[in-house]
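A.B. asks: I have a structure I would like to understand better, so I am pasting it below and will then ask my questions one at a time.
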Amino acid sequence: MGERIVFTIAAASALSFGTLVVTLKEPFRATVALIGTLLSVAVLFLLLAAPFVAAIQVIVYAGAIVVLFLFVIAYLGERPIVEIGDRLGRYQAFAWLAVIGLAIQGFVVLATTQLPGVRDDPKQVGDIGSPEAIGRSFIDDYIVAFEATSLALLVAAVGAVMLAKRAVKSEGGR
Amino acid sequence: MSLASLAPLVDAAAVGDPQEGVPLALYLAVSGGLFLLGLLGVLTRRNPLLLFLAVELLLNSANLALVGFSRYWNVTDGHVFALVVMVVAAAEVVIGLGLVVAVFRQRLALDVDQMSSMKG
Amino acid sequence: MISVLAWLVLGLPLLGCVILSLWPGEPDRRITRVIGVGFPAAAFVLTAIIFVTLLGRDAEDRLEIATLWNWVQSDGLSIDLALQIDPLSVLMMLVVTGVGSLIVLYSTEYMEHDRDYRRFFAEMGFFLFAMLLLVEAANFFFLIVGWGLVGLASYLLIGYYYDRPSAVAAAKKAFVVNVIGDIGMVIAAFILVRELGTLDYGEVFATAPEGLGAETGVATAVALLLFVGAAAKSAQIPLHTWLPDAMEGPTPVSALIHAATMVTAGVYMIVRCNVLYELAPYAGDLVAIVGAATLLMAATIALVQVDIKRVLAWSTVSQIGYMIMGAGLGAYDSSMFHFLTHAFFKALLFLAVGIAIHALAGEQSLDRMGGLRRHLRLTHAAVLVGCLSIAGIPPFSGFFSKDEILATALDAGTLGTVLAIVGLVGAGLTAFYMFRLFFRAFWGPEPEGGYAHAPHNPGMAMSAPVAVLAVLAAVGGLLQIPGVWHPLKDWLEPTLLADPGLEATTGGELIVSIVSVALAIVAIGLAYWIFVADPERRLRLAGAATGTRALLTDQYRFDEVYEEALIQPGRDLGDTLTNGVERYGVQGTMEGVVRGVIDTGRGLRVVQSGLVRGYVFAMVAGVVAVGVIFSLVMR
Numbered sequence: 001m002g003e004r005i006v007f008t009i010a011a012a013s014a015l016s017f018g019t020l021v022v023t024l025k026e027p028f029r030a031t032v033a034l035i036g037t038l039l040s041v042a043v044l045f046l047l048l049a050a051p052f053v054a055a056i057q058v059i060v061y062a063g064a065i066v067v068l069f070l071f072v073i074a075y076l077g078e079r080p081i082v083e084i085g086d087r088l089g090r091y092q093a094f095a096w097l098a099v100i101g102l103a104i105q106g107f108v109v110l111a112t113t114q115l116p117g118v119r120d121d122p123k124q125v126g127d128i129g130s131p132e133a134i135g136r137s138f139i140d141d142y143i144v145a146f147e148a149t150s151l152a153l154l155v156a157a158v159g160a161v162m163l164a165k166r167a168v169k170s171e172g173g174r
Numbered sequence: 175m176s177l178a179s180l181a182p183l184v185d186a187a188a189v190g191d192p193q194e195g196v197p198l199a200l201y202l203a204v205s206g207g208l209f210l211l212g213l214l215g216v217l218t219r220r221n222p223l224l225l226f227l228a229v230e231l232l233l234n235s236a237n238l239a240l241v242g243f244s245r246y247w248n249v250t251d252g253h254v255f256a257l258v259v260m261v262v263a264a265a266e267v268v269i270g271l272g273l274v275v276a277v278f279r280q281r282l283a284l285d286v287d288q289m290s291s292m293k294g
Numbered sequence: 295m296i297s298v299l300a301w302l303v304l305g306l307p308l309l310g311c312v313i314l315s316l317w318p319g320e321p322d323r324r325i326t327r328v329i330g331v332g333f334p335a336a337a338f339v340l341t342a343i344i345f346v347t348l349l350g351r352d353a354e355d356r357l358e359i360a361t362l363w364n365w366v367q368s369d370g371l372s373i374d375l376a377l378q379i380d381p382l383s384v385l386m387m388l389v390v391t392g393v394g395s396l397i398v399l400y401s402t403e404y405m406e407h408d409r410d411y412r413r414f415f416a417e418m419g420f421f422l423f424a425m426l427l428l429v430e431a432a433n434f435f436f437l438i439v440g441w442g443l444v445g446l447a448s449y450l451l452i453g454y455y456y457d458r459p460s461a462v463a464a465a466k467k468a469f470v471v472n473v474i475g476d477i478g479m480v481i482a483a484f485i486l487v488r489e490l491g492t493l494d495y496g497e498v499f500a501t502a503p504e505g506l507g508a509e510t511g512v513a514t515a516v517a518l519l520l521f522v523g524a525a526a527k528s529a530q531i532p533l534h535t536w537l538p539d540a541m542e543g544p545t546p547v548s549a550l551i552h553a554a555t556m557v558t559a560g561v562y563m564i565v566r567c568n569v570l571y572e573l574a575p576y577a578g579d580l581v582a583i584v585g586a587a588t589l590l591m592a593a594t595i596a597l598v599q600v601d602i603k604r605v606l607a608w609s610t611v612s613q614i615g616y617m618i619m620g621a622g623l624g625a626y627d628s629s630m631f632h633f634l635t636h637a638f639f640k641a642l643l644f645l646a647v648g649i650a651i652h653a654l655a656g657e658q659s660l661d662r663m664g665g666l667r668r669h670l671r672l673t674h675a676a677v678l679v680g681c682l683s684i685a686g687i688p689p690f691s692g693f694f695s696k697d698e699i700l701a702t703a704l705d706a707g708t709l710g711t712v713l714a715i716v717g718l719v720g721a722g723l724t725a726f727y728m729f730r731l732f733f734r735a736f737w738g739p740e741p742e743g744g745y746a747h748a749p750h751n752p753g754m755a756m757s758a759p760v761a762v763l764a765v766l767a768a769v770g771g772l773l774q775i776p777g778v779w780h781p782l783k784d785w786l787e788p789t790l791l792a793d794p795g796l797e798a799t800t801g802g803e804l805i806v807s808i809v810s811v812a813l814a815i816v817a818i819g820l821a822y823w824i825f826v827a828d829p830e831r832r833l834r835l836a837g838a839a840t841g842t843r844a845l846l847t848d849q850y851r852f853d854e855v856y857e858e859a860l861i862q863p864g865r866d867l868g869d870t871l872t873n874g875v876e877r878y879g880v881q882g883t884m885e886g887v888v889r890g891v892i893d894t895g896r897g898l899r900v901v902q903s904g905l906v907r908g909y910v911f912a913m914v915a916g917v918v919a920v921g922v923i924f925s926l927v928m929r
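First to last, the protein sequences are chains D, U and S. Here the working numbering is used: the first residue of the first sequence is 1, the next is one more, and so on. Here the working numbering is used: the first residue of the second sequence is 175, the next is one more, and so on. Here the working numbering is used: the first residue of the third sequence is 295, the next is one more, and so on.
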C-alpha cells in the first residue's frame, strides 16, 4: 500500500519536472528542473529494489553531470539566449504528431501485451541490487563492458582536454 | 514466438508469491512518458544546452526501463547496463558541453539550427 | 624445284616492296630503281625458267602444286597455303612479271619529277605480289585474298596523287565497287564450302559435276556470284563505273593495272573455273551477253571522249568485254589469246600515250593536241602499231585474237552468232575511235598557239619498253594462226577441263576476217576523212546529233543513276542517323542518364540539411514506423 503511494508521488513528480525541463526557457531553471527529475527517478529506483543504482544516480547524475551543466551555464554568462521565432515551425507540428502517435502506441502495447505478469503485482525478488551483486555481475559476466566503459571515459576526458586546449588558444592563451 | 511461452521463465524468476505493489506496466508507462517528454524537447529546443537536458531525460527513461525489467526477470543485468548508460551519459555531456563552449568562444550564435556546416 | 621458283616469283616483288617501305628516310633514287625494277625483273626471269621447264615436260605432266603449310584445318574445311603451277597460271605469271617489269622500267623515267619516288615503286611491287598471288593461288581462298589485295593496291595507286581530291574520290570509288565484287566471290566460296566441303581447285573441279549438279540452281548461283566478282574487277556493266575514273592515277599505273593485268583477273577466273561455267550454261550465256553489251556500250562512249587516257580506258572496258564474251560462250583459249595480245598492245598504247603526256608536261586533252608526229617520231610509230593492232588489221596481233573469238562464237549456237555480229560492230567502232585518237593527237595541225615547250623525246628507260611492246604487239598474233598452228591452245589444254570444244570453222574464220577487216578499213578511212582531210569538218559535224553526243559524253549517265538511286539515299540515311538517332537517341540517352543521376543527387541532397533537428525528426519517424510494424507483427 505504501509502495503504491510513494510510487504515485514519485511518478507524478518525475513527469512534472520532466515537463518543466522541456518547457522552461532559461537554462538555469531548466537544469534545476532536471535535478528534480533525477531525484524522482532515484526514488523510483529504490522502489524497484535497486539501491546501488539509485545512489549512483544521485551521486553521478545529479551530483556531477548537473553540476557540470551549471558550471557551463555560469561560464556562458548572462547573454540572453532567446529562442527567436522557429524557422522550422513544421517540426513542431510533426514533433507533436510523433509524440502523440508514440504515446498512443505505447499505451496500446502496455494494455494488450501478452508478456505474462506485466500488469500483475510484482513477485518477490532476491538480492539483485546490492553493490555485491552488481560487482559480481560486472566481474563475472560483463568484464568486457566494464573495461570498455572505462575506455570510453578516457576518450571523453582526452577529448575534453583537446577542446579546452583549443579554446584556450582562441582566447589568446598558450 | 508467442509471449505466453515466456511464462515459465517468469515463474522461475520470482521467489515468492505476488505481493501487493506496482505492476511493471506502470513503471514502463512512466519510462515511456519521460521518453516522450525528452523527445519533444529534442525536437523543439534550439538552444543546445536545453537540447542536452532533454537528452538526459531520454537516457533516464531508458535507465528506468532497464531497472524495471531487471526486477521483473529477477536479474542484475539491467542494473549493470543502467550503470554503463550513466557512464556514457557522462562522457557525452562532457564532450557536448565542450562543443557548446567552443561554439560560444567563436562568438557564434548558440542556435542548433545555425550549426549546419555539415550540410551536404 | 618449280615449287621453290614459284614461291620466289611470288615473294620477290613483295620483298622489294618491304625493303623500300622500311628503308629509313628517302633512299637514293638509284637504289629505288634497282630494287623497284630489279626484283620484278628477277621474278620474270624465274617465271621464264618455270615456263621452259614445263615446256620440257609432257602435256599431262605440267601441273605442280607447291604447298607451304596447312593454313586452316577445321572440321569440314582444310585450306593450304599453296600455289598451283599449271599452264594457265604460268601464262598469267609471264604476262604479269614480263609486262610488269617493262612498265616499272618505264616508270623510272616517267616518275622522275615525283617526290614520292620510293612510294610508287613500293606500291607497284605490292601490286605485283598481290596479282601473282591471285593467279598462282591453288584454292579459292587465296584467290579471294589476292583479289582483295589487288583491290587495295589499285586503291593505293589510283590515289597516288593523294592531294588531288579527284584522285582520292576515284580511288574510293574503285575500292567500293570492287568490294561489291568481293562480296559476290565470298558468297560463292561459302556455297562451295557448303556443297563440296573444299576450296581447293583440284578438288572443287573434280567434285563439282556431282556435288553441284549440271544446270542446277546451285551451280548457276555459284557461277553468277563469281561473275559478280569478275564484273567488278574487270569493269563490266553495271560495275564498270570505276575504271574511267581510275585514270587519275599515273600513266604507268593505268598501263599495268587497268589495262594489262588487274582488270583481266575476271577473265582469268572465269577461264580457271571453266568447269563451273560449263555446269551452268545459263550463267555462261548471261556472262557472254553482259560482255557483249559492255563491249558495245564502251565503244560508243569512247567515240566522244576528249581526255586521251579516258579513250584508252573505255577501250579497255570494251576489249575486256570481248574476252568476257568469249569466256562466257566457252571459247576459253580464244579469250586468253586476246588477253595476251591486249596486254601487249594496250600497255603499248598507254605507255606511248604516256610519253606524249609526259612530253607535253601533263596535257591530256585531245583538244590541245595535234601534229605530234613531227616531234615524237618513235612514239608516233608505236601508237600507230598499237592502233592497227587494236583495230584488227592483219598481220598485227589484235586481228588474230579478236577474230578468233568472233569466229569461235559463230560455233556457239544462235546466241553466239548474234553476239559475234555485235562484236563485229564493236570492232568497227573500235577502229574508228582509236584512229580518231591517233589522227587528232599525232596528225593534223598543232593546237592554237603551238606548244608551250617543244615536246621532247624520252630517254632510254621510256623508249625501250615501248619498243619491246611494239614488237610484241606486232608479232604476238602469230601465236595462233587459225588452221595452221595453235600452240597457245595446246598449251592451255590441260587446264581447260570442261572445254566445250568450240571450233572455228574455216568458213566462219574467212567471213569474220573479211568483214572485220573491211569494217576496220572503212572506219579508218572515215576517221581520216573527218579528222585529217579537212580540219574544220570535225567541228561542223560535231554539231549534229547533240542529244546522242551528250548522252555518250556523260557515259550513259550511269554515275548519275547510281548517285541518285544508291548513294544519295545512303547519305540521307547517314544524315538521319546522325541528326536523329545519334543526337537524340544515343547522345540523348547518355545525357539523359547523366542528367537523371545529377538531378537525383541534387534532389536527395535536400535531406542532408545539416540541421540536427531534421535528423532527429527523421529518426523518430523511423522509430514510429518500425514500432507500428512490430506491433502489427508481434501479437
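In this text, a Cβ means the ideal position worked out from N, Cα and C, and glycines have one as well.
Step through the CB atoms of chain S and report whether any lies within less than 8 Å of the CB of residue 18 of chain D.
C.D. replies: For the purposes of this step, residue 18 of chain D is identified with residue 18 of the first sequence, where counting begins at 1. No - not a single Cβ of chain S is within 8 Å of the one on residue 18 of chain D.
A.B. asks: Cutting at 6 Å between CB atoms, please list the residues of its own chain near residue 194 of chain U, excluding the five before and the five after it.
C.D. replies: By 1-based counting over the second sequence, the position of residue 194 of chain U is 20. Contacts found: none.
A.B. asks: Could you tell me whether the Cβ atoms of residue 644 of chain S and residue 799 of chain S are closer together than 8 Å?
C.D. replies: Residue numbering aside, residue 644 of chain S sits at position 350 when the third sequence is read from its first letter. Residue numbering aside, residue 799 of chain S sits at position 505 when the third sequence is read from its first letter. Contact flag unset, no.
A.B. asks: Could you name each continuous alpha helix (DSSP H) segment of 4 residues or more that falls completely within the region 364 to 391 of chain S, going from the start of the chain to the end?
C.D. replies: Entirely contained in the region 364 to 391 of chain S, not one alpha helix (DSSP H) run reaches 4 residues.
A.B. asks: Using only the alpha-carbon positions, how far apart do residue 218 of chain U and residue 153 of chain D sit?
C.D. replies: For this step, residue 218 of chain U is matched to residue 44 along the second sequence. For this step, residue 153 of chain D is matched to residue 153 along the first sequence. Roughly 29 Å between the two C-alpha positions.
A.B. asks: Which of the three DSSP states, helix, strand or coil, is assigned to residue 358 of chain S?
C.D. replies: If you number the third sequence from 1, residue 358 of chain S lands on position 64. Strand, per DSSP.
A.B. asks: Can you look up residue 751 of chain S in the DSSP assignment and give me helix, strand or coil?
C.D. replies: Here residue 751 of chain S refers to the residue found at position 457 when the third sequence is read from its first residue. Three-state result, residue 751 of chain S: coil.
A.B. asks: Going by beta-carbon coordinates alone, are residue 520 of chain S and residue 468 of chain S separated by less than 8 Å?
C.D. replies: On the third sequence, position 226 is the one that residue 520 of chain S refers to. On the third sequence, position 174 is the one that residue 468 of chain S refers to. Contact: no.
A.B. asks: Say whether chain U places a C-beta atom closer than 8 Å to the C-beta of residue 922 of chain S.
C.D. replies: Within the third sequence, the letter at position 628 stands for residue 922 of chain S. No, because no Cβ of chain U sits closer than 8 Å to the Cβ of residue 922 of chain S.
A.B. asks: Does residue 737 of chain S come out as helix, strand or coil in the three-state DSSP assignment?
C.D. replies: The residue you call residue 737 of chain S lines up with position 443 of the third sequence. The answer is coil: DSSP assigns residue 737 of chain S none of H, G, I, E or B.
A.B. asks: Determine, for residue 104 of chain D, whether the minimum Cβ-Cβ distance to residues of chain U falls below 8 Å.
C.D. replies: Numbered from its first residue, the first sequence carries residue 104 of chain D at position 104. Taking Cβ atoms only, chain U never reaches closer than 8 Å to residue 104 of chain D, which makes this a no.
A.B. asks: Judging by CA-CA distance, which residue of S/424, S/752, S/735, S/594 is the nearest neighbour of residue 601 of chain S?
C.D. replies: Residue numbering aside, residue 601 of chain S sits at position 307 when the third sequence is read from its first letter. Ranking the options by Cα distance to residue 601 of chain S, first place goes to S/735.
A.B. asks: Do residue 441 of chain S and residue 515 of chain S have their C-beta atoms within less than 8 Å of each other?
C.D. replies: Looking up residue 441 of chain S in the third sequence gives position 147. Looking up residue 515 of chain S in the third sequence gives position 221. Result no, Cβ atoms of residue 441 of chain S and residue 515 of chain S do not sit closer than 8 Å.
A.B. asks: So for residue 431 of chain S, helix, strand or coil by DSSP?
C.D. replies: Locating residue 431 of chain S in the third sequence gives position 137, counting from the first residue. Three-state result, residue 431 of chain S: strand.
A.B. asks: Indicate whether at least one CB of chain U lies closer than 8 Å to the CB of residue 13 of chain D.
C.D. replies: Taking the first residue of the first sequence as 1, we reach residue 13 of chain D at position 13. Not one chain U Cβ lies under 8 Å of residue 13 of chain D.
A.B. asks: Determine, using beta carbons only, whether residue 129 of chain D comes closer than 8 Å to chain U.
C.D. replies: Locating residue 129 of chain D in the first sequence gives position 129, counting from the first residue. By this cut-off, residue 129 of chain D is an interface position.
A.B. asks: Taking 8 Å as the cut-off, decide whether the C-beta atoms of residue 40 of chain D and residue 14 of chain D are in contact.
C.D. replies: On the first sequence, residue 40 of chain D is found 40 positions in, with the first residue counted as 1. On the first sequence, residue 14 of chain D is found 14 positions in, with the first residue counted as 1. Yes. Within cutoff.
A.B. asks: Residue 111 of chain D touches chain S at which residues, Cβ-Cβ below 8 Å?
C.D. replies: Along the first sequence, one-based indexing puts residue 111 of chain D at 111. Those do not exist, as residue 111 of chain D stays about 12 Å from chain S at its closest Cβ, beyond 8 Å.
A.B. asks: What is the rounded straight-line gap between the Cα of residue 317 of chain S and the Cα of residue 450 of chain S?
C.D. replies: One-based indexing of the third sequence puts residue 317 of chain S at position 23. One-based indexing of the third sequence puts residue 450 of chain S at position 156. Distance between the alpha carbons of residue 317 of chain S and residue 450 of chain S is about 19 Å.
A.B. asks: Less than 8 Å between the beta carbons of residue 863 of chain S and residue 771 of chain S, yes or no?
C.D. replies: Taking the third sequence and counting its residues from 1, one reaches residue 863 of chain S at position 569. Taking the third sequence and counting its residues from 1, one reaches residue 771 of chain S at position 477. No. Outside cutoff.
A.B. asks: Leaving out five residues before and five after residue 393 of chain S in sequence, what residues of the same chain have Cβ atoms less than 6 Å from its Cβ?
C.D. replies: Start at 1 with the first residue of the third sequence, and residue 393 of chain S comes out as number 99. 554, 637, 641, listed in sequence order.
A.B. asks: Can you tell me where the alpha helix (DSSP H) with residue 295 of chain S in it begins and where it stops?
C.D. replies: Translated into positions along the third sequence, residue 295 of chain S becomes position 1. From DSSP, residue 295 of chain S is part of no alpha helix (DSSP H); its letter is neither H nor E.
A.B. asks: Going by alpha carbons, who is nearest to residue 33 of chain D out of U/201, U/231, U/200, U/213?
C.D. replies: Along the first sequence, one-based indexing puts residue 33 of chain D at 33. With distances taken between Cα atoms, residue 33 of chain D lies closest to U/231.
A.B. asks: Residues in the same chain with beta-carbon distance under 6 Å from residue 420 of chain S, minus the five sequence neighbours each way, listed in chain order, please.
C.D. replies: Position 126 of the third sequence, counted from the first residue, corresponds to residue 420 of chain S. Closer than 6 Å at Cβ, skipping near neighbours: 311, 447.
A.B. asks: In whole angstroms, give me the CA-to-CA distance for residue 429 of chain S and residue 881 of chain S.
C.D. replies: Your numbering for residue 429 of chain S matches position 135 in the third sequence. Your numbering for residue 881 of chain S matches position 587 in the third sequence. Roughly 49 Å between the two C-alpha positions.
A.B. asks: Measure the C-alpha to C-alpha separation of residue 718 of chain S and residue 526 of chain S and round it to an integer number of angstroms.
C.D. replies: Along the third sequence, read from residue 1 onward, the residue named residue 718 of chain S stands at position 424. Along the third sequence, read from residue 1 onward, the residue named residue 526 of chain S stands at position 232. C-alpha separation (whole angstroms): 25 Å.
A.B. asks: For residue 417 of chain S, does the count of other Cβ atoms within 10 angstroms reach 16, so buried, or fall short, so exposed?
C.D. replies: Locating residue 417 of chain S in the third sequence gives position 123, counting from the first residue. With 16 or more Cβ atoms within 10 Å of its Cβ, residue 417 of chain S is classed as buried.
A.B. asks: For residue 217 of chain U, return the contacting residues in chain S, with the cut-off set at a CB-CB distance below 9 Å.
C.D. replies: Against the second sequence, residue 217 of chain U aligns to sequence position 43. 907, 910, 911, 914, listed in chain order.
A.B. asks: Excluding sequence positions up to five away, which residues of its chain have a Cβ less than 8 Å from the Cβ of residue 305 of chain S?
C.D. replies: On the third sequence, position 11 is the one that residue 305 of chain S refers to. Result list for residue 305 of chain S: 423, in chain order.
A.B. asks: By the DSSP assignment, the alpha helix (DSSP H) with residue 563 of chain S in it spans what residues?
C.D. replies: Stepping through the third sequence from its first residue, residue 563 of chain S is reached at position 269. From DSSP, the alpha helix (DSSP H) with residue 563 of chain S extends over 559 to 566.
A.B. asks: Cα-Cα, which of D/100, D/123, D/92, D/50 is closest to residue 251 of chain U?
C.D. replies: Position 77 of the second sequence, counted from the first residue, corresponds to residue 251 of chain U. Of the candidates D/100, D/123, D/92, D/50, the one whose C-alpha sits nearest the C-alpha of residue 251 of chain U is D/50.
A.B. asks: Taking just the CA atoms, how far does residue 723 of chain S sit from residue 646 of chain S?
C.D. replies: To locate residue 646 of chain S, count along the third sequence from 1; it is residue 352. To locate residue 723 of chain S, count along the third sequence from 1; it is residue 429. Distance between the alpha carbons of residue 646 of chain S and residue 723 of chain S is about 22 Å.
A.B. asks: Name the DSSP bridge partner or partners of residue 779 of chain S?
C.D. replies: In the third sequence, the residue the question calls residue 779 of chain S occupies position 485. According to DSSP, which records beta bridges pairwise, residue 779 of chain S is partnered with S/775.
A.B. asks: Which residues in the same chain have their Cβ closer than 6 Å to the Cβ of residue 505 of chain S, if we skip the five residues on either side of it in sequence?
C.D. replies: Start at 1 with the first residue of the third sequence, and residue 505 of chain S comes out as number 211. Counting only Cβ-Cβ distances below 6 Å, and skipping sequence neighbours, we find 489, 490.
A.B. asks: So, residue 686 of chain S versus residue 721 of chain S, is the Cβ gap smaller than 8 Å?
C.D. replies: Numbered from its first residue, the third sequence carries residue 686 of chain S at position 392. Numbered from its first residue, the third sequence carries residue 721 of chain S at position 427. Contact flag set, yes.
A.B. asks: Could you name each continuous alpha helix (DSSP H) segment of 4 residues or more that falls completely within the region 876 to 909 of chain S, going from the start of the chain to the end?
C.D. replies: Counting only runs of 4 or more, we get 881 to 899.
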